[in-house]
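Input: a single structure, listed below in structure tokens.
Number of protein chains: 4
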Amino acid sequence: MGNQSNNVDAKNLVIAYLGGGSLGWANVLVTDLAMEEQLSGTVRLYDIDYESACLNAKIGNMVTARADSKGKWEYIATKTIGEALTGADFIVASILPGTFKEMHSDVHTPEKYGVYQSVGDTVGPGGLIRSLRTVPMYEEFALNIKKYAPDAWVINYTNPMTVCMRTLYKVFPEIKAFGCCHEVFGLQKSVASMLSDYRGIKNVERDEINVNVLGLNHFTWVDKMSYKDMDLIPLFAEVAEKCNDSGYLGKGEENANSVFRDNNLVKFDLYKRYGLIGAAGDRHLAEFMPPRYLLNKETAESFGFALTTVDWRIGDRKKVVERRMAIVNGKENLSLTMTGEEGTKMIKALLGLGDFVSNVNLPNNMQMDGIPKGTVVETNALFSKDSVRPLYAGGLPDDVQNLTIRHVYNQECIVEAGLTKNRQLAFNAFVNDPQMSKADYEDAKKLFDEMIENTKKYIPGW
Amino acid sequence: MGNQSNNVDAKNLVIAYLGGGSLGWANVLVTDLAMEEQLSGTVRLYDIDYESACLNAKIGNMVTARADSKGKWEYIATKTIGEALTGADFIVASILPGTFKEMHSDVHTPEKYGVYQSVGDTVGPGGLIRSLRTVPMYEEFALNIKKYAPDAWVINYTNPMTVCMRTLYKVFPEIKAFGCCHEVFGLQKSVASMLSDYRGIKNVERDEINVNVLGLNHFTWVDKMSYKDMDLIPLFAEVAEKCNDSGYLGKGEENANSVFRDNNLVKFDLYKRYGLIGAAGDRHLAEFMPPRYLLNKETAESFGFALTTVDWRIGDRKKVVERRMAIVNGKENLSLTMTGEEGTKMIKALLGLGDFVSNVNLPNNMQMDGIPKGTVVETNALFSKDSVRPLYAGGLPDDVQNLTIRHVYNQECIVEAGLTKNRQLAFNAFVNDPQMSKADYEDAKKLFDEMIENTKKYIPGW
Amino acid sequence: MGNQSNNVDAKNLVIAYLGGGSLGWANVLVTDLAMEEQLSGTVRLYDIDYESACLNAKIGNMVTARADSKGKWEYIATKTIGEALTGADFIVASILPGTFKEMHSDVHTPEKYGVYQSVGDTVGPGGLIRSLRTVPMYEEFALNIKKYAPDAWVINYTNPMTVCMRTLYKVFPEIKAFGCCHEVFGLQKSVASMLSDYRGIKNVERDEINVNVLGLNHFTWVDKMSYKDMDLIPLFAEVAEKCNDSGYLGKGEENANSVFRDNNLVKFDLYKRYGLIGAAGDRHLAEFMPPRYLLNKETAESFGFALTTVDWRIGDRKKVVERRMAIVNGKENLSLTMTGEEGTKMIKALLGLGDFVSNVNLPNNMQMDGIPKGTVVETNALFSKDSVRPLYAGGLPDDVQNLTIRHVYNQECIVEAGLTKNRQLAFNAFVNDPQMSKADYEDAKKLFDEMIENTKKYIPGW
Amino acid sequence: MGNQSNNVDAKNLVIAYLGGGSLGWANVLVTDLAMEEQLSGTVRLYDIDYESACLNAKIGNMVTARADSKGKWEYIATKTIGEALTGADFIVASILPGTFKEMHSDVHTPEKYGVYQSVGDTVGPGGLIRSLRTVPMYEEFALNIKKYAPDAWVINYTNPMTVCMRTLYKVFPEIKAFGCCHEVFGLQKSVASMLSDYRGIKNVERDEINVNVLGLNHFTWVDKMSYKDMDLIPLFAEVAEKCNDSGYLGKGEENANSVFRDNNLVKFDLYKRYGLIGAAGDRHLAEFMPPRYLLNKETAESFGFALTTVDWRIGDRKKVVERRMAIVNGKENLSLTMTGEEGTKMIKALLGLGDFVSNVNLPNNMQMDGIPKGTVVETNALFSKDSVRPLYAGGLPDDVQNLTIRHVYNQECIVEAGLTKNRQLAFNAFVNDPQMSKADYEDAKKLFDEMIENTKKYIPGW
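These protein sequence lines map, in sequence, to chains A, B, C and D.
The numbers in this note's numbering rise by one with no breaks, and the one at position 437 of the first sequence is 433.
The numbers in this note's numbering rise by one with no breaks, and the one at position 442 of the second sequence is 438.
The numbers in this note's numbering rise by one with no breaks, and the one at position 186 of the third sequence is 182.
The numbers in this note's numbering rise by one with no breaks, and the one at position 406 of the fourth sequence is 402.
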């Protein structure tokens, strides 16, 4: 992709941020851009919540004004998506599709029928209904990008990742989009910690853990892993064996918020069953698997992970909002420490300022065997001057392939259903989700109807 | 396939019958061969039950001696498979993998955990365990065919069809084998009956109903159907609508044994859900689908089909055995009326005595979109002089494709597990079967272990 | 293709004929329709030469009025393509792209540089320049069919077949078009004649010779051939050996116009070199091969085929025009004998009035291994009610594949060059044609420029 | 590839060198290993010329004894290939298939018929006959590697690269082999020099020129090229325009031996014709193209490149042999300066001592669109711990694809002909080579027979 000549000036970049009013990712971007001296330019923040974009712009400009900010950026909130996109070199998309009200329905309505979800934003009944909301938004994005900035690179962070990416490419096949997710980083951190605990090798950075990644976003697998000249599969196998009951909490993870804490028990169990290492957090992996880890709250707990409630999210958000106001009002300072996200590094690589390899979501050309061409997969790719080239990752063994392909086609159906407003097709995907096998068929129908009703504001025309 | 010159003398054919002591199919072959005047030669019956093969040989020779027998054949029971195969032009394989004891375990052991099966011979826990028994038998067949009759055409009738065919081709890739099944005929008969009842068009033969078939054996679909210049999809849709509650029994079906009676309610429901017509009997289709039709005995009944018990099969078999003895002893005559099976017609076509199109199981070259190359699919093919050429059948819509591909990979795993004696892989397929989603994971483990124990006589080395 | 319900009334068909003023094919259509009692309706003749279309309409209606005409048709010449296409059930396309003036340039201008062509209408410098003229015409057809009759079946007879078909599908991917060519019939007739001469089997019809066809139009191959239960490859090999020097003229061919006479010497030579049977006339096969058969006029003669001059065509046409006027004026009668073309038979099959298998040009789905998906190939297909389904034909051996794929990509380039008016790309294809390897590169440039100049009237915008 | 755990000790490596008596590459290996402090171990030299291997071992051990040698290696000449291979971690293969006598026939016999070659070792009549000699040697290598060192990484340097690699993988599909060639480096050096001359950017290393490589060895193409954030395609286009007549000699190239000097005129011409940059030396590119650059000696000269005669090679070799003896006898010192080859760097990467991306020859999995799976292509790949993963390189435009695929199938035919001793198939490839289009068919036959006769010592069984 990206064959045309593209000599962008790294000191005069234009970045458009779709979802520029968002709370978390905006801070990440502001921080990482401030710490990168090779880049500067303008960031245009577009959000349906214009006020929130304005607040973020204010924070961004405050940071730029600070002496410790190396990259100098002007932040502007725009009222239209066209203003944000026109002339953009890069587009970042990070939105919340709907509100906590819809998210509440996604996550908790299925509980009535005994269907529990740990996240509810990717697959499972919640993820699929969230997908239906997301498709028309991303259809709109794709059409606007085609119109205003067809040559820009597009970096997506929104979940459900696969559905977002697939919609972008279906609507505008020439788009230069890729999707970033930090879930694999979690595995790398855990293994770096194992290296310290079980091999006495300290201070290994997570990106020194080489992994061959393959699968779908939030349902990725690793079949090869090394640190320098050391094969790490035997280390993982050893820890999986030893910590079979207790789980293993990597460094820092002990103190993590218990909602997100990952003790690897699902990964250990998967490794024993399939001989492959799951490369996302246990909370995500569990949702893709047929019921074993999510039979009910207790099984989740027995595997050491929690079900994130929307009430918790609402509470958490309140704190974030307050903190943002404190920053805007000068009562608190945004701390300029590396966030660990790779967006800035990717932008630099695409400008020709340093190649690197990382995992990324892209339409399958051939990087994964056995997955239909064009559907979105996550594998490693080489980022370099104006190009993101997937590395051949091989294929999954047939048993894991079977678990995976089920979601490939389910997500294909959901995207198609979203684009064509096909209710029967959406239901066919919904009822075929592994989590739904716990519900009776008639219950599934009722649940689907109720969840569609709850989300109707965001799926006009249904 | 079959590129070498192959001028076989239709009057001096050698047919080897693996499973030549079988009760049902042997009669079919004897009858159809007797009624076909263009063919004659020798049939060699090989069976692990040599006595039974001898009885069948006796019947065959009695029929040949009759005046109303047009095709003249000598029937010989052989003690070794080598004797049967050496010099064979055609090989027919129709065996029962194991005994009623193992079949009883296949069908009824899962009921302990609430898993009900209508047939239990293809997929579902019963079908998969039966597959494990079948793989080593078909591995042996393939090796013997490679050794004794590598150029012969091989016609398989044994279930599980897909597993048998896949094993033959994995072990001996140059084999000229195809698999025949009459399940699609049932749909054609039903529709011919609808033509009479709803359109007043009488006496249509089932093979006048043109269908485009695609899918897996016992889980085939029809996306195009016509009679002469009439599109039959609207007719099917109309009957599905009208007989939504009562079901529709085609001509002759009213009187069919209630165990096998098919009132199309599953097909009608599938049509409404997926817009496609299931092309096997409801009993088979139900087993491939995620639980809806087989939640328990009552749901099966509510969809109008029965769960075939092994006790019923034992009783039925007793009658067939008695009837065979009556024929051998001259107390009863084998009636020479067309059986409706197509084996003889296929043999004639392969000899160059008349081309025709029918549905058949073959490794996928390209006849079905979206299914991995080499795995076995059922589509139409043209039978002609020394060749069976698949017709391009297109692909399934994504939702139905998803239901289908799950069994493709599950059966791939089972064949591989059978060939390599890989217990974990076998269990991974087993627990991923749609019927198993009704059982808890721990129960699935127990059930698997018990069923493996029950079938151990036929899976040496496990 | 053609999945929608399509219940067309065979007695009220509407056929649109693009090129309806043409001399040869119009008579074929009139004759074949008149002899087919199951069909009747209206034929709309559209041609840029409206007067000629009117004359054909007149002849058609005269035939309909005759007592011996079984199918009753009304023939109407239309002034616009829209009138012809609106409501059409079938569309026949048979045009001459340009005039004899352009054809003269195609065939004879290359002779200046020592490049001789036997036909000059498919590949070679003449065929490629003719292609450039044809692409914009077929682009126009495709757009009109999309607009006026998107569901109609389209039967193409125009050469270059591959280029016409590819243009139709590139411009309107949902088109239901296929391409018919009688070249393979010539091989079948030759072999039927060999059966009589060398095996004493008389009166075999050409369509009783079963062939597996694969390749490109006019460069097709046969790797399997039989008559009833007899493998015919050994017969062909025997005759190729015996008639190595003299060639073999099939029945009727002795008296054929010497311009078109085919004594099989090219086919015999190809068989010895590649072990495969060329399935088009020697004049066509020779043009696809690297120079051996067409080094100069003498080599052509030594292989027993003639170079068709345009002067001969002009003379021949004059006679046809005169004969048509004699018919219009009632001085001569159109003889109603079967033409041997299959168009009517195909129409009947598509209406559901009789399935059959024949060779046909279609985009490759999978029917030919090793040829890119979407490019046009010629293989057998099953014609039935509203469907043309290719049969899996296998692939060519690597050496023949190499000869073939060169033309696949050359024709892809020419279609693309024609659609995008890309002169360099057109030249890159031109200079890569096997016939052009006899010319120096600088000569090739001059020749290309001259031929483009000669055809400029038909390639506006270049 | 290479999934099993493989913890090799970088300080105790075993390298087997097939062709260990070779003059050039042995020095390269000795030098590069001596300069690399992270590696040490044993090098086993195997050669049919045992004496020569002994001399190389002596030199190697002399170097190891030197103080300035950082990597410490023991060199051993072995009498059998089994001794060399058993226990090897890496295998280097670099042989001359035959002697100067056969090479003389390859290069000069075709001149009798007006066919001139600049190298004659890859394609063209010389390359194809050389291929026939090479196939049985590499078949033997593959069988021995399978037997003695199936898990070792195999680095091939022998030409014809594609044929060597394809033979290895056909005979032993699980082999972990890749092929290295420095031709692309030449383009990178030229462009680094252009950067200096036309942009004033000095001292750019050739591996700082990022290229996307795709094609066949010696017929590679670059469709994307950058230095840091600068797109280099416009620079190349500018120089191609400006130096259209004179050619462009990069730094150092002015003084290069005139036999190998590359002034880029062929690359400039190709760029104008195809819009793509040829990524091998002009001498190699010219041989893959249909005659334009190699019509005769004069055209070659007009494009600024020479035809390397075997006499020149013989003279050159004499000097190399003398120099080696001088080193063995201590009269001259092997200079320890970086050779620019990447073999040592690749070994380090495979051990986990530093990832990097470079171009490499591998079977096509998917890295190149449009090229059959399994045939050997050259693209970039990521070298890391026990893995070489191709990067997705995209595909070639149809016109260049057509030039390329012709050699793909020709080389497939030659490998198959070599393995099966199929003379007709070998000739079919031979006569289809673009260089052969200058010869008459009958001359091609004579030439082929003569060249086969000349090489018969190395193709036993023909």
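Glycine included, C-beta positions come from ideal geometry on N, C-alpha and C.
Sequence-distant partners of A:E337 (beyond 5 residues in either direction) whose C-beta falls short of 7 Å from its own C-beta, in its chain, are V24, D28, H178. If one requires a minimum length of 4 residues, the alpha helix (DSSP H) runs lying completely within the stretch 159 to 218 of chain A are 179 to 195, in chain order. Unbroken alpha helix (DSSP H) stretches of 4 residues or longer found wholly inside the stretch 419 to 450 of chain B: 419 to 427, 437 to 450, given in chain order. Nearest in C-alpha terms to C:R309, of all of C:G78, C:I11, C:V103, is C:V103. Taking each of B:K68, B:W69, B:L92 in turn and checking the Cα distance to B:L14, the smallest one comes out for B:L92. Within the DSSP secondary-structure output, A:M364 pairs in a beta bridge with A:G390. Between the stretch 387 to 406 of chain C and the stretch 231 to 245 of chain B, the count of Cβ pairs shorter than 8 Å is below three; the stretches do not touch. The closest CA to that of D:E249, considering only D:N206, D:G110, D:G277, D:K314, is found on D:G277.
The Cβ atoms of A:Y270 and A:V119 lie no closer than 8 Å to each other.
Under the criterion of beta carbons closer than 8 Å, D:D429 and D:L81 do not qualify as touching, at roughly 34 Å. Look at B:A413: its C-beta is not under 8 Å from any C-beta on chain C.
When rounded, the separation of the alpha-carbon atoms in A:Y144 and A:A84 is 8 Å. Look at A:Q397: its C-beta is under 8 Å from a C-beta on chain B. In the DSSP assignment, no residue is bridged to C:F301. Relative to the Cα of D:P393, the nearest Cα in the group D:D436, D:P287, D:Y267 belongs to D:Y267. Counting only Cβ-Cβ distances below 7 Å, B:K263 has no contacts in chain C at all, with the closest Cβ about 19 Å away.
CA-CA distance, D:K315 to D:L332, rounds to 20 Å. From the listed residues A:T305, A:V131, A:T38, the smallest Cα separation to A:T451 is found for A:V131. Counting C-beta pairs closer than 8 Å gives fewer than three between the stretch 343 to 361 of chain D and the stretch 43 to 61 of chain D, which falls short of the contact rule. A Cβ-Cβ contact shorter than 8 Å links C:V207 with C:V180. No Cβ of chain D is located within less than 8 Å of the beta carbon of C:C50. Between D:L415 and D:E135, the C-beta spacing is below 8 Å. Each of A:L19, A:L51, A:L261 was checked against the Cα of A:N325, and the nearest Cα belongs to A:L51. Interface criterion met: the Cβ of A:S383 is under 8 Å from a Cβ in chain D.
The C-beta of A:Y165 comes no closer than 8 Å to any C-beta of chain D. At a cut-off of 4 residues, the continuous stretches assigned as alpha helix (DSSP H) that sit fully inside the stretch 300 to 359 of chain D are 306 to 324, 339 to 347. Rounded to the nearest angstrom, the gap between the Cα atoms of B:A440 and A:T216 is 26 Å. Contact between C:R279 and C:S114 holds: CB atoms are separated by about 4 Å, below the 8 Å threshold. Taking 8 Å as the cut-off, the Cβ atoms of C:V218 and C:L183 count as close. Taking 4 residues as the minimum length, the alpha helix (DSSP H) runs contained wholly in the stretch 49 to 111 of chain C are 77 to 81, 96 to 104, in order along the chain. Using a 10 angstroms sphere on the CB of A:T95, the tally of other CB atoms stays under 16, which defines it as exposed. Against A:S433, the close residues of chain B are P286, P287, P430, S433, K434, in the order they occur along the chain (beta-carbon pairs closer than 9 Å).
Judged by their CB atoms, A:M161 and A:N155 are not nearer to each other than the 8 Å cut-off.
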